[in-house]
């Protein structure tokens, strides 16, 4: 694994104006590379990255499931048309929709046994992908430091929303 500067990687002739500019572009570039690496791993299973994210959220929600809008609020990336994502998962048999007993206007989405089996089949591959992605930070303390730094970046973004 050879470390290259972002400027080299992007074949950029001029240096960045500020470290902040470089940091933001580095974050965007890294996020895109991570997204692509994971998408390549989930797509052979016939689902998109957004669908994978929804299934993980619903697995975590347990037997009660979650309303569609609650799932949307928990997504890693905003998905245009969460209803369409749910429709495709339901058509594939990975998700079921149920009316809430107390309020029939609310629809809860629940992962099915088939959806759970799919995620279980993918778990090892996705964990291995995470291990490969984080190979540049083999020490747990470095991984924890990155988590803290990214948390700080997200906290700063709260002010721009």
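Numbering (our numbering), first residue to last: 80 to 240.
Ideal placement from N, C-alpha and C gives every residue a C-beta, glycine not left out.
In this text, all values refer to a predicted model and were calculated from it rather than measured experimentally.
Going straight from the alpha carbon of residue 88 to that of residue 81, what length do you get?
Cα to Cα, residue 88 sits roughly 11 Å from residue 81.
Nearest residue (CA-CA) to residue 132, options 155, 114, 113, 119:
For residue 132, the nearest C-alpha among the options comes from 155.
Report, in whole angstroms, the separation of the C-beta atoms of residue 232 and residue 106, which I expect to be a contact under 8 Å.
Contact check for residue 232 and residue 106: beta-carbon distance about 7 Å, within the 8 Å limit, so the pair qualifies.
How about the segment 203-215 and the segment 117-135: do they share at least three Cβ pairs that are nearer than 8 Å?
Flag = yes, the segment 203-215 and the segment 117-135 touch.
According to DSSP, is residue 145 part of a helix, a strand, or is it coil?
In the three-state reduction of the DSSP assignment, residue 145 falls in the strand class.
Helix, strand or coil for residue 190 per DSSP?
Strand at residue 190.
Going by C-alpha distance, which of 146, 150, 198 is nearest residue 179?
The shortest CA-to-CA distance from residue 179 to any of 146, 150, 198 is the one to 146.
Roughly how many angstroms lie between the CA atoms of residue 108 and residue 162, to the nearest whole one?
Each residue's Cα considered, the two are about 29 Å apart.
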